[in-house]
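In my numbering, the protein residues as written are 1002 to 1107. Heads up, the beta-carbon is just placed ideally off N, CA and C, and yes, glycines get one too.
Here it is, written out as structure tokens:
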């Protein structure tokens, strides 16, 4: 199965502007995968907490929606942002769930 990425990162410490400038999630097969098979992200959820407020926003494509971008612009260093419920559709039309990716903003 593929791994979800934002740009070239699949989690860890990243700058907020890296997520904003990339603006989408992609699915990449492992480098040792020998077949030409492609997955496209069809939906995902972005979650974060601000104070005592949980923010959960859904996208029905591979792109971060405007509300996600607005919330990301309000974040501070150390903020944890997770992308989960990631659904990818293979070239055969079958949908699979991918693991979550979690970022800490630096």
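A direct Cα-Cα distance of roughly 8 Å separates residue 1006 from residue 1012. The alpha-carbon separation between residue 1034 and residue 1058 amounts to approximately 32 Å.
In this chain, residue 1076 is not harboured by any beta strand (DSSP E), its DSSP state being neither H nor E.
For residue 1052, the closest C-alpha among the options 1089, 1106, 1076, 1024 is that of 1076.
Contact check for residue 1106 against residue 1087 fails: the beta carbons are separated by 9 Å or more. When secondary structure is reduced to three states using DSSP, residue 1020 falls in the helix class.
In terms of CA proximity to residue 1018, 1073 leads the group 1009, 1073, 1096, 1065.
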